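Working notes, structure below.
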């Protein structure tokens, strides 16, 4: 239903309501106290406390000296006036026009234009009200109390549900006092109840002839808002962005955030309850209605608990004013935000940040609004911040790292484990970092440095460099590149050595310089940063030329490795005397290289995975009895300590985790068993 605005007559409405309710408007600072209405004569827990509090904040119900008088009755003419204003139609009433009402309908002069307008809009029916007046000889129609059954008719018409009343006309209600309801009003009573505008009273009665009290009026008009929303001054509905004891921020559908102060006078409620409560009913990112004045919230109602946001997690790759681009899985996604009302930004510890503090490379979780079609960012949680600067020093003893950021030296605490990435350096550690390196730091949830990436260092590489000579006295290494150009380089205390991807000591590395013919070198200037010795290649065969003695394998990182061979020894489980001719594209292999200058393959282990069924387990003696799937024979193995035992998910387990009847997959590298894994 379209939201109706109260229009230009708000001020005059307040004046007129003062006449109706015989009181004065409460200022914002006198709004309802927490868990209490604004009125001293409405006790906590009163059945109408929510609606009295809400309509007081809206300015519809005005008390007198802090009293609401909830049990006082409401006249018909007062009820009609409030209904017209509730419908947002007050501006349509010509208060200065000539009004001619039927003589039997006696109304105070002040209310005549409104009663006349109600007849014109079919909110009231002239014939019905004239007959009612004729049956009440000696009473003024306008000042007579509005009964509950009469109010049902007025309210059903005010919210546009008269068709429901027509459909249920003459149908008996389920109330015990149904016989006391005017038969012409049965349809309206049924419609009021079915649309949850009115309820019965104690004893399953509707009490149709009793007067409508002020508390009842607050309730029926409050309930009617769900069927006929009205745009009250100071009322905002939107997504609850954030709140604490003193503040609350709402994002309306127009995208302009509104902030409110909260205090002991703020009243809270929930759509599903007719009681007032505390902040515990609020749900962040759900939908709320806030009624406020002067920047302070008087009434806050949670109308939908469902979060009106979706979460997007990824790494920031580009920052522009009002826009962030993230790498989410394998795709780039861009999300806008309002610069004038920027999103709430917090780090993993909950510390408030700003969008200006965001850096490319940071891992973040965005809350993106799902209501506006633009899908704007409304909050940013920085899971892992990225800091860019120039490295000054690393102190592993004190677990600190210093770097210069914007001309200022800052110290950061190192996490227990720090991943280091340096282009051209295999298995890099903190020891491989140099002062002057341009680095990007990644911080964990505690704000400690968990990763360091060197983004700008003049590292050059020589792959498969031939070692011509190493002088231990001067630590001078002479190597030759693929173009047979000689290059002198120096081994320093910071030089890192590794063998087949595993870090080794400097002593072991220097020894290999004298025994292995080739090495992969990363160097900066004339200093060797790292020296990697490769004695084997592990990967999937992508091509093989047995006549030409050439083979290519793709390793786990996707790198293609070219290998040469002559007549290598080949080991393959289940095959007698296999040769290189038995190796096929798609096979996973471990190719061992000789340590000569040629570095050719001299041995190949082919990996095989065989299916078995467990027949028996003796964990105490590390024995496993199995039969090969599809075979009738049995085998009993003594499981070596270096064989990996895995469950179906790949987690390490003990031999006792296997049981008779289990299907298992056994992987061999050549003739060597390397792992046993449950099939499911």
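Residue numbers (mature numbering (1 follows the signal peptide of the UniProt record, and there is no 0)): -33 to -1, 1 to 647. For every residue, glycine included, the Cβ atom is placed at its ideal position computed from N, Cα and C. These figures come from a predicted structure and were not determined experimentally.
- DSSP places residue 181 inside the alpha helix (DSSP H), whose first and last residues are 181 to 191.
- Of 454, 416, 544, the smallest CA-CA separation from residue 427 is found for 454.
- Residue state for residue 501 is assigned as coil, using DSSP reduced to three classes.
- Within the DSSP secondary-structure output, residue 604 pairs in a beta bridge with 591.
- Judged by pairs of C-beta atoms under 8 Å, the segment 238 to 254 does not touch the segment 286 to 295, as fewer than three such pairs exist.
- By the neighbour-count definition (other C-beta atoms within 10 Å, threshold 16), residue 299 is an exposed residue.
- A residue is called buried when at least 16 other Cβ atoms come within 10 angstroms of its Cβ; residue 211 does not meet this threshold and is exposed.
- Distance from the CA atom of residue 348 to the CA atom of residue 286, rounded to whole angstroms, is 15 Å.
- Closest option to residue 494, judged by alpha-carbon separation, among 25, 277, 392, 375: 392.
- Beta-carbon to beta-carbon, residue 236 and residue 248 are separated by about 7 Å, close enough to satisfy the 8 Å threshold.
- Counting the other CB atoms within 10 Å of its CB gives residue 552 a total below 16, which places it among the exposed residues.
- Sequence-distant Cβ neighbours of residue 409 in its own chain, meaning closer than 6 Å and more than five residues away, are 351, 353, 417, 418.
- C-alpha of residue 596 to C-alpha of residue 626: approximately 16 Å in a straight line.
- Per DSSP, residue 94 is one residue of the alpha helix (DSSP H) stretching across 93 to 101.
- Here the segment 277 to 285 does not lie against the segment 34 to 43, with fewer than 3 beta-carbon pairs under 8 Å apart.
- Judged by pairs of C-beta atoms under 8 Å, the segment 567 to 575 touches the segment 538 to 555, as three or more such pairs exist.
- Here DSSP, grouped into helix, strand and coil, assigns residue 79 to helix.
- When secondary structure is reduced to three states using DSSP, residue 4 falls in the coil class, being assigned neither helix nor strand.
- Bounds of any beta strand (DSSP E) do not take in residue 134; it lies within the alpha helix (DSSP H) bounded by 129 to 134.
- Distance from the Cα of residue 140 is smallest, within the candidate group 359, 20, 158, for 158.
- Proximity to residue 467 across 199, 382, 483 peaks at 483, based on C-alpha coordinates.
- When secondary structure is reduced to three states using DSSP, residue 546 falls in the coil class, being assigned neither helix nor strand.
- Proximity of the segment 548 to 563 to the segment 468 to 488 meets the contact definition, three or more beta-carbon pairs being nearer than 8 Å.
- Going by C-alpha positions, residue 590 is about 51 Å away from residue 328.
- As computed with DSSP, residue 114 is found in a beta bridge with 178.
- Taken through DSSP and simplified to helix, strand or coil, residue 490 comes out as strand.
- Annotated three-state conformation of residue 540 is coil, per DSSP.
- Here residue 15 has 182, 185, 186 as same chain residues with Cβ atoms under 6 Å from its own Cβ, once five neighbours each way along the sequence are excluded.
- The alpha-carbon of residue 367 is positioned some 11 Å away from that of residue 397.
- Secondary structure at residue 88: coil, using DSSP grouped into helix, strand and coil.
- Check the Cα spacing between residue 431 and each of 440, 446, 346, 146: the tightest is with 446.
- Residue environment analysis places residue 83 among the buried positions, since at least 16 neighbouring C-beta atoms fall within 10 angstroms of its C-beta.
- Distance between residue 87 and residue 313, taken at the CA atoms: about 57 Å.
- Excluding the 5 residues flanking it on each side, residue 518 has same chain C-beta neighbours closer than 6 Å at 511, 530, in chain order.
- Residue state for residue 44 is assigned as helix, using DSSP reduced to three classes.
- Residue 79 is not a Cβ neighbour of residue 124, given a cutoff of 9 Å.
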